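Student:
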Amino acid sequence: MTISHFFYLRFLFMKEIKEWKVFTNSEFKNGSEGVAMLLSKGYRVSEWVQDIFSPKLNEKFNIRIPVKLARVNLSSLGFEEPTKLSKIYDRISTHGLGLVSPEIALLCRLHYSEQPTGEWLRFATPMNAMIDSDGIPHLPKLGKALGLYFVETYWAYGHAIFHPHNEFVFELSR
């Protein structure tokens with residue numbers, strides 16, 4: 509592929525990407541505060557998310573604000589078959605996308621009340637950004653089912669498999 513062909517394909521892809529959410533501030537200063545806020549408002553937060561963002565970790569909010577997010581189907585990145593997470597992450601920078609801080613998923617849950625029933629939206633976070641007390645890496649996902657809003661996780665191993673129809677939230681590169 510020539511350099512001009514690469515930039516042409518990137519231009520075509522970038523026209524398909526739409527900004528989904530933009531955050532210029534946050535209602536909480538760390539993950540444990542975010543989880544507590546979600547629980548106080550009746551959101552269903554999985555035990556793994558609660559463990560990962562437990563108060564004993566109580567780290568400061570570690571994201572760059574403002575942050576612009578996009579939702580992207582893996583088929584839009586050119587994946588036509590089930591694909592390993594590591595291959596997905598290897599490809600995103602060529603499409604002007606980046607990984608998302610895990611706390612952003614908590615912030616999105618607070619601001620995504622229009623989520624349709626049955627949708628589960630995954631967040632592309634760094635591989636080792638969400639490790640539970642058993643040492644298992646996770647990535648966050650938001651869902652709506654049974655009239656409830658959820659914050660759940662999925663394994664974040666490099667060999668975890670995702671399908672072309674799966675949709676991820678990425679940061680739009682600055």
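In terms of my numbering, the sequence shown has 589 at position 81, counting the first letter as 1, and numbering is strictly consecutive. A virtual CB, placed ideally from N, CA and C, is assigned to each residue, including glycine. Bear in mind the structure is a predicted one, so any value in this text is a computation, not a measurement.
According to the Cβ coordinates, are Trp662 and Leu650 closer than 8 Å?
Tutor: This sequence places Tyr at residue 662; Trp is not what is there. Contact flag unset, no.
Student: Between Glu611, Ser562, Ala653, which has its C-alpha nearest Ser641's C-alpha?
Tutor: Comparing Cα-Cα distances from Ser641 to each of Glu611, Ser562, Ala653, the minimum goes to Ser562.
Student: Is it a yes or a no for the region 573-580 touching the region 535-544, going by three-plus beta-carbon pairs under 8 Å?
Tutor: Cβ pair count under 8 Å is below three, so no.
Student: Apart from the five residues on each side of it in sequence, which residues of its chain come closer than 7 Å, Cβ to Cβ, to Pro624?
Tutor: Here the set comprises Lys652.
Student: For Glu679, count the other beta carbons within 10 Å of its own beta carbon; 16 or more makes it buried, fewer makes it exposed. Which is it?
Tutor: Its Cβ being crowded by 16 or more others within 10 Å, Glu679 is buried.
Student: Going by DSSP, which residues form a beta bridge with Arg617?
Tutor: According to DSSP, Arg617 bridges with nothing at all.
Student: Does the beta-carbon of Thr602 have 16 or more other beta-carbons within 10 angstroms, so that it is buried, or is it exposed?
Tutor: It is exposed - the Cβ of Thr602 has fewer than 16 other Cβ atoms within 10 Å.
Student: Excluding sequence positions up to five away, which residues of its chain have a Cβ less than 6 Å from the Cβ of Asn636?
Tutor: Only Pro645 meet the Cβ criterion.
Student: What are the partner residues of Trp556, as DSSP defines its beta bridges?
Tutor: None, per the DSSP bridge assignment.
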